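Asks: So that we are looking at the same thing, I have put the structure below in structure tokens.
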Amino acid sequence: MKTSRTLKGLFLSTAMLLSSNALAKNSGSLHLGNPVYVAGQTVPAGTYTVLWDGSGPEVEIKMIQGKTVVAATSAKLVNLNEKANNDSAVVVTGGDGKRNLSEIYFSDKKIALEIESPSDRATK
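Read left to right, the sequence shown gives residues -24 to -1, 1 to 100 (mature numbering (1 follows the signal peptide of the UniProt record, and there is no 0)).
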């Protein structure tokens, strides 16, 4: 009986450790100096944790500040030849004058996230 509890505890601990490692691999940090739009949602300037679910190429992302999900959308996970030197974002100004978040790069990771603007989705 005691051995069974010990094994169950060990199994649960291992599962939690593996899930936290998976979460760490599917997250990154991003600082925005100015407000941007993500899938039509306004994202104020600030520092965010970006989480994505899936291994690609299509993933779901969430931009989180504190415990609040500020924006969520789909993105394309792109493999890079080299690790990014720092966390960075590509912002594109649309025909409507809005600054849309287009790409996110994460320090020391060989992946990037490409985010479609609402106008890109409308043309598909």
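A virtual CB, placed ideally from N, CA and C, is assigned to each residue, including glycine.
This one's a predicted model, so the numbers in the text were calculated from it and none came from an experiment.
Measuring straight from C-alpha to C-alpha, what distance separates Asn61 and Val68?
Replies: Locating residue 61 in the sequence shown gives position 85, counting from the first residue. Locating residue 68 in the sequence shown gives position 92, counting from the first residue. In a straight line, the C-alpha of Asn61 is about 21 Å away from that of Val68.
Asks: Measure the alpha-carbon distance for Gly42 versus Val14 and round it to whole angstroms.
Replies: Counted from its first residue, the sequence shown places residue 42 at position 66. Counted from its first residue, the sequence shown places residue 14 at position 38. Their backbone Cα atoms lie some 18 Å apart in a straight line.
Asks: Within a Cβ cutoff of 6 Å, which residues of the same chain sit near Lys38, ignoring the five residues on either side of it in sequence?
Replies: Mapped onto the sequence shown, residue 38 falls at position 62. Cβ neighbours of Lys38 beyond the five flanking positions: Leu27, Val45 and Ala48.
Asks: I need the straight-line Cα distance from Glu36 to Glu79, nearest angstrom please.
Replies: Within the sequence shown, residue 36 is the residue found at index 60, counting from 1. Within the sequence shown, residue 79 is the residue found at index 103, counting from 1. Cα to Cα, Glu36 sits roughly 14 Å from Glu79.
Asks: Over what stretch of residues does the beta strand (DSSP E) that includes Gly77 continue unbroken?
Replies: One-based indexing of the sequence shown puts residue 77 at position 101. Checking the sequence shown, residue 77 turns out to be Leu, not Gly. Arg75 to Tyr81 is the span of the beta strand (DSSP E), which, as asked, contains Leu77.
Asks: Around the C-beta of Ala21, are 16 or more other C-beta atoms found within 10 angstroms, so that it is buried, or is it exposed?
Replies: Taking the first residue of the sequence shown as 1, we reach residue 21 at position 45. Classification for Ala21: exposed.
Asks: Could you pull out every residue in the same chain whose Cβ sits closer than 7 Å to the Cβ of Gln17, ignoring the five residues on either side in sequence?
Replies: The residue labelled residue 17 in the question sits at position 41 within the sequence shown. Counting only Cβ-Cβ distances below 7 Å, and skipping sequence neighbours, we find Ala47.
Asks: In the DSSP output, which residue or residues are listed as bridge partners for Ala47?
Replies: Residue mapping note: residue 47 aligns to position 71 of the sequence shown, counting from 1. In the DSSP output, where bridge partners are listed per residue, Ala47 has Met39.
Asks: Is Val66 buried or exposed, if buried means 16 or more other CB atoms sit within 10 Å of its CB?
Replies: Sequence index remark: in the sequence shown, residue 66 carries index 90 (1-based). Val66 comes out exposed.
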